[in-house]
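Read in our numbering, the sequence shown has 552 at position 154, and its numbers run on one by one without any break. Even glycine gets a Cβ: it sits at the ideal position worked out from N, Cα and C. What you are looking at is a predicted structure, and each value in this text was computed from that prediction instead of being measured.
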Amino acid sequence: MGKVTSSVLPSIIVFTPWLTLLVAALWARSRPRTSRGLYTAITVATGLLILPMYGIALDGGVVRQHLVRVVPGIDLAFRIDTVGFYFGLLLAVLWIAAGVYSLGYIHERHTRYYCFLALNLSFCLGVAFSANMFTLFIFYELMSLATYPLIIHEETALARRAGLKYLIYSISAGAVILAAVLMQYFYGDTLSFLGHGTLSLAKVSKPVLLTIFSVYMLGFGVKACIMPLHGWVPDAHPAAPAPASALLSGVLLKVGAFGIIRVLYDVFGIKLLRELGVGLPMLYVASFTIIVASLFAIPQTDLKRRLAYSSVAQVSYIILGLFLLSPDGAVGGLLQIAHHAFMKGTLFLCAGIIIHETGKRDIADMEGVGSKLPLTMMAFSIAALAMMGTPATCGFITKWELGLGAIQAHRGYFIVVLLISALLNAVYYLPIVYLAFFKSKETIKFSKRETRPSMLIPTLVCGVMVIVLGIFVTVPGLPYSLVKVVVNAVF
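Set out below in structure tokens:
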């Protein structure tokens with residue numbers, strides 16, 4: 399571990415989004431346009447506050463801040479290490495894109511929407527920057543509750559049912575995670591994240607350790623949508639507004655995966671995980687989720703519902719990479735956090751434009767959409783090809799590293815899962831592209847404004863990032879350089 403620095407910066411970053419509430423209270427009614435601009439500016443400011451720690455993260459350093467002692471051995475505290483910085487920066491970037499997009503997409507209940515969007519960012523950053531499992535649990539639960547208003551934002555019957563289902567899953571998962579935290583506190587010496595595992599077979603019996611591990615996987619597996627814990631996802635994504643769907647899929651599902659990362663690397667550690675023999679069972683669970691969720695995606699006729707099942711499959715790439723328990727596998731799993739965020743973020747933002755401009759949600763009605771929305775559908779096509787693992791896209795890099803990780807772990811047969819997944823992705827993505835461009839009865843025309851610039855620009859930027867991250871992989875400062883620092887420290 400690199401140099402440890404004490405600073406108040408973590409608190410400033412985490413609570414800066416709360417300024418949105420102040421803006422809402424002062425100007426939401428009298429100056430709604432100004433307020434919406436300020437909401438986005440606050441999100442940008444939050445991202446800019448994270449940037450100064452780039453150098454520290456690349457050097458493997460840590461920024462700490464103690465907030466308050468709750469009881470002996472349990473503190474509210476922040477700790478920004480490389481993996482926390484990596485996730486926090488991704489949160490800020492995607493939130494800025496969603497915030498700008500929302501300026502053109504959200505037409506009703508602006509104040510409520512932007513306030514809960516900001517609170518969600520704050521709580522997710524709290525998860526990323528947590529110094530211990532207690533702090534992570536607090537912010538994780540707050541994030542879960544703050545997500546509910548985004549899901550039900552449109553207040554349709556579908557949205558309300560999806561929101562209720564989400565709450566049932568989330569509250570149940572929170573109770574399970576709390577049980578795991580209590581067991582870890584009782585049997586372990588600390589809840590703190592120290593950059594290595596804190597449990598061991600020398601102090602705790604194997605059955606107890608397996609129980610703690612299993613309970614953590616059940617709890618965090620709900621947000622990480624591991625099958626069969628995924629039931630809320632296919633309903634929540636279609637119900638939520640497009641920018642919220644982009645965040646749900648691109649980021650919020652990863653909060654569950656991030657919790658699993660903390661459990662693996664900061665609670666158990668690679669050596670103990672190997673001794674417990676949990677890697678192979680979890681690889682089977684991840685593989686099952688990847689393939690079955692992809693099969694479920696194929697018959698879906700609603701565009702956003704098909705994308706939702708795709709997200710269920712793609713998030714388990716992270717789980718697959720982590721539980722290979724090999725350096726290259728970990729690189730692939732951690733890269734998938736950022737790569738999938740941009741790929742699926744692009745797809746959901748494109749879906750939002752299609753629905754906003756044409757009113758079409760059914761895939762059978764996508765015929766000719768490419769002639770009306772050429773730039774949007776080009777971005778959609780790039781992201782879809784990336785999901786299949788096409789070279790020169792970030793999706794290919796993820797699959798390449800996961801394949802190397804499988805070989806490195808002497809489990810090369812899991813490459814078959816990646817190949818089957820790529821084929822299934824082609825089955826449910828290519829028909830959409832075909833209908834949009836090749837079934838069109840009109841000549842493709844590039845209009846100056848196919849949708850509002852505030853919606854189109856973030857979509858195109860995310861689409862470009864899908865290619866940038868697939869070509870300029872090893873450029874310092876991009877995800878690969880941060881992920882390598884994390885993997886080198888863990889292994």
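Q: Flag this pair as yes or no: are the beta carbons of residue 579 and residue 589 separated by less than 8 Å?
A: Within the sequence shown, the letter at position 181 stands for residue 579. Within the sequence shown, the letter at position 191 stands for residue 589. For residue 579 and residue 589, yes; Cβs fall inside 8 Å.
Q: May I ask which residues mark the beginning and end of the beta strand (DSSP E) holding residue 850?
A: Counting from one through the sequence shown, the residue named residue 850 turns up at place 452. Per DSSP, residue 850 belongs to no beta strand (DSSP E) and is neither H nor E.
Q | Reduced DSSP category for residue 476 - H, G, I as helix; E, B as strand; rest coil | A | Within the sequence shown, residue 476 is the residue found at index 78, counting from 1. Three-state DSSP puts residue 476 in a strand.
Q. So, are the CB atoms of residue 585 and residue 606 less than 8 Å apart?
A. Start at 1 with the first residue of the sequence shown, and residue 585 comes out as number 187. Start at 1 with the first residue of the sequence shown, and residue 606 comes out as number 208. Yes; because the gap between Cβ atoms is below 8 Å, this pair is in contact.
(Q) Could you compute how far the alpha carbon of residue 622 sits from the alpha carbon of residue 429? (A) Walking along the sequence shown from the start, residue 622 turns up at place 224. Walking along the sequence shown from the start, residue 429 turns up at place 31. Straight-line Cα distance between these residues: approximately 39 Å.
Q.
In this structure, how does DSSP classify residue 816 when only helix, strand and coil are distinguished?
A. Counted from its first residue, the sequence shown places residue 816 at position 418. The answer is helix: DSSP assigns residue 816 an H, G or I state.
Q.
Closest to residue 413 by C-alpha separation, out of 433, 450, 527, would be which residue?
A. Residue 413 sits at position 15 when you count from the first residue of the sequence shown. Selected option, being the one with the closest Cα: 527.
(Q) Going by DSSP in three states, residue 701 sits in which element: helix, strand or coil? (A) Translated into the one-based positions of the sequence shown, residue 701 becomes position 303. Helix at residue 701.
Q. Does the region 613-633 touch the region 491-499, meaning 3 or more C-beta pairs lie closer than 8 Å?
A. no
**Q.** Alpha-carbon to alpha-carbon, residue 791 and residue 799
**A.** Here residue 799 is taken as the residue at index 401 of the sequence shown, counted from 1. Here residue 791 is taken as the residue at index 393 of the sequence shown, counted from 1. The alpha-carbon atoms of residue 799 and residue 791 are separated by roughly 13 Å.
Q: For residue 567, collect the residues of the same chain with a Cβ closer than 6 Å to its Cβ; drop the 5 residues on either side in sequence, then sort them by chain order.
A: Position 169 of the sequence shown, counted from the start, is the residue given in the question as residue 567. Correct list, in chain order: 620, 630.
Q: Inspect the CB distances between the region 455-465 and the region 540-556 and report whether three or more fall short of 8 Å.
A: no
**Q.** Within 8 Å, strictly: CB atoms of residue 723 and residue 731
**A.** Along the sequence shown, one-based indexing puts residue 723 at 325. Along the sequence shown, one-based indexing puts residue 731 at 333. No.
Q. Between residue 865 and residue 492, what straight-line distance do the alpha-carbon atoms span, to the nearest angstrom?
A. The residue labelled residue 865 in the question sits at position 467 within the sequence shown. The residue labelled residue 492 in the question sits at position 94 within the sequence shown. Cα-Cα distance, rounded: 16 Å.
Q) Can the beta-carbon of residue 735 be found closer than 8 Å to that of residue 485? A) The residue given as residue 735 occupies position 337 in the sequence shown. The residue given as residue 485 occupies position 87 in the sequence shown. Contact flag set, yes.
Q) Among residues of its own chain, excluding the 5 on either side of residue 676, which ones have a beta-carbon nearer than 8 Å to its beta-carbon? A) The residue you call residue 676 lines up with position 278 of the sequence shown. Closer than 8 Å at Cβ, skipping near neighbours: 608, 611, 721.
(Q) Let's see if you can read the secondary structure: which residues bound the beta strand (DSSP E) around residue 466? (A) Here the question's residue 466 lines up with position 68 in the sequence shown. Counting along the chain, the beta strand (DSSP E) containing residue 466 begins and ends at 460-469.
**Q.** beta strand (DSSP E) segment containing residue 404, residue limits
**A.** Sequence index remark: in the sequence shown, residue 404 carries index 6 (1-based). 402-404 is the extent of the beta strand (DSSP E) around residue 404.
Q) If you compare alpha carbons, which of 405, 501, 415 is closest to residue 454? A) As a working mapping, residue 454 is identified with position 56 in the sequence shown. Per the Cα distances, 405.
Q | residue 603, DSSP secondary structure in three states | A | Here residue 603 is taken as the residue at index 205 of the sequence shown, counted from 1. The answer is coil: DSSP assigns residue 603 none of H, G, I, E or B.
(Q) Within a Cβ cutoff of 6 Å, which residues of the same chain sit near residue 524, ignoring the five residues on either side of it in sequence? (A) Counting from 1 along the sequence shown, the entry for residue 524 is found at position 126. Answer for residue 524: 412, 537, listed in chain order.
(Q) Along the chain, where does the alpha helix (DSSP H) containing residue 777 start, and where does it finish? (A) Translated into positions along the sequence shown, residue 777 becomes position 379. From DSSP, the alpha helix (DSSP H) with residue 777 extends over 772-786.
Q. Does DSSP put residue 409 in a helix, in a strand, or in coil?
A. On the sequence shown, position 11 is the one that residue 409 refers to. Residue 409 falls in the helix class under three-state DSSP.
Q | Secondary structure of residue 726, DSSP reduced to three states | A | In the sequence shown, residue 726 corresponds to position 328, counting from 1. Of the three classes helix, strand and coil, the one that applies to residue 726 here is helix, per DSSP.
Q: Have a look at residue 544 and residue 624 and give me their C-alpha separation to the nearest angstrom.
A: If you number the sequence shown from 1, residue 544 lands on position 146. If you number the sequence shown from 1, residue 624 lands on position 226. C-alpha separation (whole angstroms): 22 Å.
Q: Could you check the C-alpha separation between residue 645 and residue 507 for me, to the nearest Å?
A: As a working mapping, residue 645 is identified with position 247 in the sequence shown. As a working mapping, residue 507 is identified with position 109 in the sequence shown. Between residue 645 and residue 507, the C-alpha separation is close to 18 Å.
Q.
To the nearest angstrom, how far is the alpha carbon of residue 771 from that of residue 850?
A. One-based indexing of the sequence shown puts residue 771 at position 373. One-based indexing of the sequence shown puts residue 850 at position 452. The straight-line gap from Cα to Cα measures roughly 12 Å.
**Q.** N-terminal and C-terminal residue of the alpha helix (DSSP H) that residue 569 is part of
**A.** Translated into the one-based positions of the sequence shown, residue 569 becomes position 171. Its alpha helix (DSSP H) spans residues 555-585.
Q: Could you work out which residue in 812, 487, 785, 576 is closest to residue 531 when comparing CA atoms only?
A: Position 133 of the sequence shown, counting from 1, holds the residue named residue 531. Of the listed residues, the one whose Cα sits closest to residue 531 is 576.
Q. Does the distance from the C-beta atom of residue 703 to that of residue 639 stay below 8 Å?
A. By one-based count along the sequence shown, residue 703 stands at place 305. By one-based count along the sequence shown, residue 639 stands at place 241. Taking 8 Å as the Cβ cut-off, residue 703 and residue 639 do not qualify as a contacting pair.
**Q.** alpha helix (DSSP H) segment containing residue 509, residue limits
**A.** Locating residue 509 in the sequence shown gives position 111, counting from the first residue. Looking at the DSSP string, the run of the alpha helix (DSSP H) that includes residue 509 is 508-526.
Q. How about the region 817-831 and the region 684-692: do they share at least three Cβ pairs that are nearer than 8 Å?
A. yes
Q | residue 633, enclosing alpha helix (DSSP H) - first and last residue | A | As a working mapping, residue 633 is identified with position 235 in the sequence shown. Looking at the DSSP string, the run of the alpha helix (DSSP H) that includes residue 633 is 631-637.
(Q) Could you check whether the region 761-781 touches the region 710-718, counting it as contact only if at least three pairs of C-beta atoms, one from each stretch, sit closer than 8 Å? (A) no
Q.
Using only the alpha-carbon positions, how far apart do residue 615 and residue 504 sit?
A. If you number the sequence shown from 1, residue 615 lands on position 217. If you number the sequence shown from 1, residue 504 lands on position 106. Each residue's alpha carbon lies about 36 Å from the other.
(Q) In this structure, how does DSSP classify residue 763 when only helix, strand and coil are distinguished? (A) Residue 763 sits at position 365 when you count from the first residue of the sequence shown. Helix at residue 763.
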